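Numbering (mature numbering (1 follows the signal peptide of the UniProt record, and there is no 0)) for the sequence shown: -17 to -1, 1 to 77.
Note that the Cβ used here is the ideal one computed from N, Cα and C, for glycine as well.
Computed from a predicted model, the values in this text were never measured in an experiment.
As structure tokens, the structure follows; a few thoughts come after it.
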Amino acid sequence: MHLKTLLLTLTATLAAAELIEYCPFAQDKTGMLQHPYCCDSYTPSAVTSLAVEGNNCQQLTEPAAKCPNGLGVKCCYTIGPKFICTADGVLEDD
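In structure tokens:
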């Protein structure tokens, strides 16, 4: 009886492992802290070839493999109204 309870508890614990959206620090040599965003579109950065600028971006509140528009999740930081994106978001187990 105790073994069954232990196995159920272990299974529930493993199932509760959460996914997180991992973003590295900015890859454009600024080292800025980035967060996961979904943007409607991207344009080349006028400053560096190591980044793109996101247009009409929304920060993710839940991890996602793809954005609602089908584009991939990007890791971006902001400077004023601009979203500077330098990496793809990566889903990882917590």
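Cβ-Cβ distance between Cys58 and Cys6 below 8 Å:
For the purposes of this step, residue 58 is taken as residue 75 along the sequence shown, with counting starting at 1. For the purposes of this step, residue 6 is taken as residue 23 along the sequence shown, with counting starting at 1. Their beta carbons are under 8 Å apart, which means Cys58 touches Cys6 by this criterion.
Alpha carbon to alpha carbon, how far is Pro64 from Ala34?
The residue you call residue 64 lines up with position 81 of the sequence shown. The residue you call residue 34 lines up with position 51 of the sequence shown. If I take the Cα positions, the gap works out to 16 Å.
Ends of the beta strand (DSSP E) at Pro64?
Position 81 of the sequence shown, counted from the first residue, corresponds to residue 64. Looking at the DSSP string, Pro64 is not in any beta strand (DSSP E), and its letter there is neither H nor E.
State the Cα-Cα distance for the pair residue 80 and Ile62, rounded to the nearest angstrom.
Residue coverage of the chain in this structure runs from -17 to 77, which leaves residue 80 outside it and unanswerable.
When burial is assigned at 16 or more other CB atoms within 10 Å of the CB, is Val30 buried or exposed?
Working through the sequence shown from its first residue, we reach residue 30 at position 47. Exposed, since its Cβ has fewer than 16 Cβ neighbours within 10 Å.
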